[in-house]
Amino acid sequence: MTDYHLNHLKELEAESIYVLREVAAQFENPCLLFSGGKDSIVVLHLALKAFYPASVPFTLLHVDTGHNFQEALDYRDELVKKHGLRLLVASVQEAIDNGSVREEKGFNASRNALQTIPLLEAIEKNKFDCAMGGARRDEEKARAKERFFSHRDEFGQWDPKNQRPELWNIFNGRKHVGEHFRVFPISNWTEMDVWQYIYQEQIEMPSLYFSHKRKVFERDGVWYAASEFIQNKPTEIIEERIVRFRTVGDITCTGAVFSEAATLEDIIQEVAASRTTERGTRADDKRSEAAMEDRKKAGYF
Amino acid sequence: MTNDLMTDEFDSKAYLDMELLRFSTAGSVDDGKSTLIGRLLYDSKSIFQDQMDAIEAASAKRGEEYVNLALLTDGLRAEREQGITIDVAYRYFSTPKRKFIIADTPGHIQYTRNMVTGASTANLAIILVDARKGIIEQTYRHSYIASLLQIPHIIVAINKMDLVNWDEKTFNKIVQEYKAFASKLDIKDVHFIPISALEGDNVVNRSEKLDWYKGPTLLYLLETIHIGSDINHIDARFPVQYVIRPMKNDYHDFRGYAGRIAGGAFRVGDKVKALPSGFSSKIKSIVTMDGDLQEAFAPQSVTITLEDEIDISRGDMIVRENNVPQIEQEFDVMLCWMNEKKLVPRGKYILRHTSRECKCIIKEAKYKLNINTLQRITDDIEIGLNDIARVSIRTTVPLFFDSYRKNRITGSIILVDESTNETVAAGMIV
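Same order as they appear, the protein sequences are chains A and B. Counting in this note's numbering, the first sequence runs from 390 upward without gaps. Counting in this note's numbering, the second sequence runs from 151 upward without gaps.
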């Protein structure tokens, strides 16, 4: 008799594909938030599988802070070309220029939190009724409470204390006009699962994730990439180090780790041995104990 | 504390072949649930240094003397402020043998709906009993919910053994009492372990103080308990989620039915029937991006093509020709009510079952259950938040279902309020 048994990566994959297909079936105009980070890369890979041999029935939406790693942009553009995808860019710079958001000031200024307004504007303008993202529950404590299908009111806000119960695999995506949903197909994956899956599937990744030489400086215990977008204090010394990134986001708040990990196997070894979470290198979460919860309530991803 | 769970050299190949176990825990403020989860996470090296730093700082700020591991699980500001778990939180850890997903739920009666939610996807439930207090109302409630939601395995962890001098008789008495109660429930597989979560005895490491106990430690049991039979591998069920029509030259006539197998297995060449149309055909191919399969089984997500062109769309179900589910418009469910707004007798709701959606009417509420005593209440059957009741439902179109006992996917429904769109109830088809 056949052994009817799936290993955990296959089971997680099956669950995520199921969620992606529910999105295609329940919503009229869904989009996939794509940052060029590993989580959104995995979601896109799962979407390719979910609808094969048809094309992915979603638009990709990149909320662009303007403070990007060039490698991430190049990777994004190549991927879009390779799979014939549709990409929309919601620009934080434009939102600043037209006055919908105001740039933060000071040394720790970051455009990370500013992404919420252009995101909500893009959702409204393009009439997206669902925005999927690569957020995972293991990332952060407020995200541990998140549903697969997460309701947003007409202002794009999340009400964590009044979430719809989510049972078995029955997802309720019903909503009123003007409301939308955020959907997180890889909710149940951990950082380790993501890397193991990338390894199993041999998914091509942006070079930023692998060890490379880069000009960096230290601020509050985190090593950041030196760039034209960051104003350095006189005490901050820029030096060249061998680093890689565990997450890829806005360049001004994404910390690097010293690492010699040059292959996927090296990265898996490193993640297994690591004593800090990947968000330990993210300055945006360190602002307060409930920083993520507050941003999410306002409509952040 | 020993950390022999993780070897220094991580074996990536072995990691690729781990099983996934989902378990739920339910508990209230001081029965040691958070300590137990903290212990499992800590001892399996799943708490990271920056998380530890953050909760140490938060504990210190709150003037607490010890590091409050509950701050790790209570993620929302309101939960941390009030020191309670309100919602289901999902936690993840793994050992070299298995990956675990914990659905951590509050235990108080006012959070029955959260317990039901956490239990709906669990293979296993850990029920904590305070050795000093023995079996209490909450134990009955948690066990009943586990049985109602058909969680295949239950571990009764008798905690705080340190506070009863590691006494074997106390443990045995609780085991006897629990068994007597559990005989009234539909529980298939139950295990008892004496532990002290605070000191870690029998959680990860075997305890010398409990040398009279010869069974496995909690983690060993979690790692080895047989979960291969938890899914129905007999009755083949394929609810169609989405129809794939590529509109590409290479796949001009391709018409594939995408879905996740809810039970059993399907092979190329199998004679199948499509519901509700009743038309028969044969499976032509089972398509995935990684190549076609000869056979697919639950819970795989695949795309099926058939030999004949028959009309199938979302909400339909493909089954084997000689093994069809029940096809009815009227049936009974055990309903857990999940909304502040009470159930309206003879009220109309939207019903969701697998990928199918239709309207339904509540025909009759038969009885409500006192979930602490399991007594049936028939004189006052107003059904409100957290109530569990047996009701008859009539749907506008036939549903194809199995009893919940037979299949947790094809036997479950939710009710949605037409005006608010909120999920108001979860139902298990009797």
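Virtual Cβ for every residue (Gly too), placed ideally from N, Cα, C.
- Rounded to the nearest angstrom, the gap between the Cα atoms of I343/B and N396/A is 28 angstroms.
- From the listed residues N557/B, I277/B, M168/B and K491/B, the smallest Cα separation to I345/B is found for I277/B.
- Partner residues in the beta bridge of A539/B, as assigned by DSSP, are L485/B and K518/B.
- C-alpha of L477/A to C-alpha of F544/A: approximately 21 angstroms in a straight line.
- Chain-ordered, the chain A residues with CB closer than 7 angstroms to the CB of M439/B read L437, K438 and Y441.
- The beta carbons of S430/B and A272/B sit no closer together than 8 angstroms.
- In the DSSP annotation of this structure, S184/B is not part of any beta strand (DSSP E); the continuous alpha helix (DSSP H) holding it starts and ends at K183 to D193.
- Proximity to V431/A across L462/A, V611/A and Q591/A peaks at Q591/A, based on C-alpha coordinates.
- Under the 8 angstroms criterion on CB atoms, F388/B is classed as non-interfacial with respect to chain A.
- The alpha-carbon of F447/B is positioned some 27 angstroms away from that of V483/B.
- In the assembly as shown, H434/A is a buried residue. Its beta-carbon has 16 or more other beta-carbons within 10 Å.
- At least one C-beta of chain B is nearer than 8 angstroms to the C-beta of Q589/A.
- As a beta-bridge residue in DSSP terms, Q525/B pairs with N520/B.
- Annotation for A650/A: no alpha helix (DSSP H) segment contains it, and DSSP assigns it neither H nor E.
- With respect to the 8 angstroms criterion, A524/A and F599/A are not classified as neighbours on the basis of their beta carbons.
- Not a single CB atom of chain A sits nearer than 8 angstroms to the CB of M484/B.
- Put simply, of V490/A, F618/A, K564/A and I657/A the residue whose alpha carbon is nearest the alpha carbon of F416/A is K564/A.
- By the neighbour-count definition (other C-beta atoms within 10 Å, threshold 16), G365/B is an exposed residue.
- Assignment of R635/A by DSSP, reduced to helix, strand and coil, places it in the coil class.
- For N571/B, the nearest beta carbon of chain A is closer than 8 angstroms to its own beta carbon.
- With its beta carbon at least 8 angstroms from every one in chain B, K471/A lies outside the interface.
- Rounded to whole angstroms, the Cβ separation of R630/A and V605/A is 5 angstroms, and the two are in contact under 8 angstroms.
- Around the C-beta of K249/B, 16 or more other C-beta atoms lie within 10 Å, and the residue is accordingly described as buried.
- Residues of the segment 456-467 of chain B that bring their beta carbon within less than 8 angstroms of a beta carbon in chain A comprise R464, in sequence order.
- In the three-state reduction of the DSSP assignment, V422/B falls in the strand class, which pools E and B.
- Here the alpha carbon of V266/B sits roughly 11 angstroms from the alpha carbon of R291/B.
- With a cutoff of 8 angstroms on beta-carbon distance, L348/B and D380/B are scored as not near each other.
- Residue ranges of uninterrupted beta strand (DSSP E) with 3 or more members, entirely inside the segment 554-603 of chain A and ordered along the chain, are 569-572.
- Using a Cβ distance threshold of 8 angstroms, V583/A and D428/A count as a contacting pair.
- Residue pairing from DSSP places G413/B in a beta bridge opposite R387/B.
- When the beta-carbon positions are compared, L299/B and S333/B stay at least 8 angstroms from each other.
- For the 8 angstroms CB-CB criterion, I285/B and I324/B form a contact.
- Around the beta-carbon of I462/B, 16 or more other beta-carbon atoms lie within 10 Å, marking it buried.
- Within chain A, not a single residue places a beta-carbon under 8 angstroms from that of F416/B; the smallest gap is close to 12 angstroms.
- Here DSSP, grouped into helix, strand and coil, assigns K427/A to helix.
- Only buried fits W547/A, as 16 or more other CB atoms lie within 10 angstroms of its CB.
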